[in-house]
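J.:
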Amino acid sequence: EIRTPLIMNRSLWERSGHWDHYRENMYFTRIDDVDYAVKPMNCPGAILVYRTRLHSYRDLPLRLCEMGLVHRHELSGVLHGLMRVRAFTQDDAHIFMLPSQIRDEVTGVIEMVDRFYSVFGFRYKVELSTRPENSMGSDEDWETATAALADALAGRGLSYQVNEGDGAFYGPKIDFHLEDCLGRTWQCGTVQLDFQMPEKFDLTYIGEDGHRHRPVMVHRVIFGSIERFIAILTEHFAGAFPTWLAPEQVRVFPITDRQAAYAQGVLSSLETAGIRATADLRNEKITYKIREAQRAHVPYMLVTGEREMSAGTVAVRHRGRGDLGAVPLAEFMSEIAREIAEKKRDESV
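Counting in my numbering, the sequence shown runs from 371 upward without gaps.
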């Protein structure tokens, strides 16, 4: 994992091609009579890291990842909550590889996307975006790169649509569009194959023959914008996240002050087991506290009255399935731990 600067010299952006092809989407500043730009993408920083030393073919593929904050100038009319913003965090990775490794590396990214999206229960559509008008590089490079991406998709048996002219200015890309609960689609994951940046920055590796060769570069994100992905998740589940994902998984309620110490003991046991839990010890009616927890979409509510305290049990209530009765605390903890470990989705809400 790497971390690269937010602000970098104009000369870097000129060399990368962003100055000519992406300038209208960038923010600028001037320091000591020198022009700088706030990074709209993380790739030039990753390239500088690659260039810090000479690489052998044995080092490749080299995968550099960065949770990078980027800024892009979007027109005010298209800004939309967390879905479309001017500053966002990307789960970015840049993979430097041998030409012979392209299919395996691209296939690996496709499999990672499928694995991650499946965990959340998202369906998605795939697009292969081709050369835009405002691009750089030769026709031959673009044809080779586009064919390599199509080959990786075919190898995984994925159907896709061709999105003519919507590739990045430096290479074609595969875009993954999530479908939310309202049927809307959002472009999140992407894998871009790039022959241009390695050429622009004169990137090399020492091959098996002892000579210098040009690596190929892949840009990839899985979630895309972390902020957008969180917004999509929140809307998709209407705030009622599955237990494994919920910020608060359990809330404990004593019925009266006499059970407060027992409730705190239950809370301590839950926290020790790594379960995200709180205890509501306020002097309010139990029905009011349960109603509040349900409005907050807390998956499980544990009521601890006199009977539960005497028996060492908890009365379990689920936000969607209602009253589940009293069970020993150890049994409840075993069940919820399994639910969390298996990342089960809640079909009752």
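Ideal Cβ positions, reconstructed from N, Cα and C, are used throughout, including at glycine.
Counting beta carbon pairs with one atom in the stretch 404-414 and one in the stretch 386-396, are three or more of them shorter than 8 Å?
T.: yes
J.: Thinking Glu676 and Gln629 are a contact (beta carbons under 8 Å), I'd like their distance in whole angstroms, please.
T.: On the sequence shown, residue 676 is found 306 positions in, with the first residue counted as 1. On the sequence shown, residue 629 is found 259 positions in, with the first residue counted as 1. Indeed, because the Cβ distance is near 7 Å, the residues count as touching under 8 Å.
J.: For Pro414 versus Val586, is the C-beta distance shorter than 8 Å?
T.: To locate residue 414, count along the sequence shown from 1; it is residue 44. To locate residue 586, count along the sequence shown from 1; it is residue 216. It is not a contact, given that the beta carbons lie outside the stated cut-off.
J.: Given a cut-off of 8 Å on the beta-carbon distance, is the pair Ile592 and Phe486 in contact?
T.: Position 222 of the sequence shown, counted from the first residue, corresponds to residue 592. Position 116 of the sequence shown, counted from the first residue, corresponds to residue 486. A contact, by the Cβ cut-off of 8 Å.
J.: Pick helix, strand or coil for Asp511, following the three-state DSSP scheme.
T.: The count along the sequence shown starts at 1 and reaches residue 511 at position 141. Asp511: helix per DSSP, three-state reduction.
J.: DSSP on Glu597, reduced to helix/strand/coil?
T.: The residue labelled residue 597 in the question sits at position 227 within the sequence shown. Correct three-state label for Glu597: helix.
J.: Quick check: what's the CA-CA separation for Leu552 versus Tyr427?
T.: Taking the sequence shown and counting its residues from 1, the one referred to as residue 552 is at position 182. Taking the sequence shown and counting its residues from 1, the one referred to as residue 427 is at position 57. In a straight line, the C-alpha of Leu552 is about 47 Å away from that of Tyr427.
J.: Strictly by DSSP, which residues pair up with Ala538?
T.: Here residue 538 is taken as the residue at index 168 of the sequence shown, counted from 1. Gly541, per the DSSP bridge assignment.
J.: Which residues bound the beta strand (DSSP E) around Asp693?
T.: Sequence index remark: in the sequence shown, residue 693 carries index 323 (1-based). In this chain, the beta strand (DSSP E) harbouring Asp693 covers 692-698.
J.: CB-CB under 8 Å to Glu641, same chain, minus the five flanking residues each way: which ones, in chain order?
T.: Against the sequence shown, residue 641 aligns to sequence position 271. Once the five neighbours on either side are set aside, the close Cβ partners of Glu641 are Ala647.
J.: Quick one: give me the first and last residue of the beta strand (DSSP E) that Trp556 is part of.
T.: Within the sequence shown, residue 556 is the residue found at index 186, counting from 1. 555-564 is the extent of the beta strand (DSSP E) around Trp556.
J.: If you draw a straight line from the C-alpha of Lys495 to the C-alpha of Thr674, how long is it?
T.: Translated into positions along the sequence shown, residue 495 becomes position 125. Translated into positions along the sequence shown, residue 674 becomes position 304. Those two C-alpha atoms are separated by around 47 Å.
J.: Can you find at least 3 beta carbon pairs, one from the stretch 428-436 and one from the stretch 591-605, that sit closer than 8 Å?
T.: no
J.: Measuring CB to CB, does Thr560 end up less than 8 Å from Ile576?
T.: Within the sequence shown, residue 560 is the residue found at index 190, counting from 1. Within the sequence shown, residue 576 is the residue found at index 206, counting from 1. No.
J.: Are the Cβ atoms of Ile412 and Asp474 separated by less than 8 Å?
T.: One-based indexing of the sequence shown puts residue 412 at position 42. One-based indexing of the sequence shown puts residue 474 at position 104. First, the amino acid is wrong: residue 412 is Asn here, not Ile. Going by C-beta atoms, Asn412 is not nearer than 8 Å to Asp474.
J.: May I have the straight-line CA-CA distance separating His688 from Ala610, to the nearest angstrom?
T.: For the purposes of this step, residue 688 is taken as residue 318 along the sequence shown, with counting starting at 1. For the purposes of this step, residue 610 is taken as residue 240 along the sequence shown, with counting starting at 1. Going by the C-alpha atoms only, they are around 12 Å apart.
J.: For Ala522, I'd like the list of residues in its chain whose CB is within less than 7 Å of its CB, leaving aside the five on either flank, ordered along the chain.
T.: Reading the sequence shown from its first residue, position 152 is the one you call residue 522. So the list reads Arg473, Val476, Thr477, Ile480, once near-sequence residues are dropped.
J.: What separation, rounded to the nearest whole angstrom, lies between the Cα atoms of Ala457 and Val684?
T.: As a working mapping, residue 457 is identified with position 87 in the sequence shown. As a working mapping, residue 684 is identified with position 314 in the sequence shown. For Ala457 and Val684, the distance between alpha carbons rounds to 45 Å.
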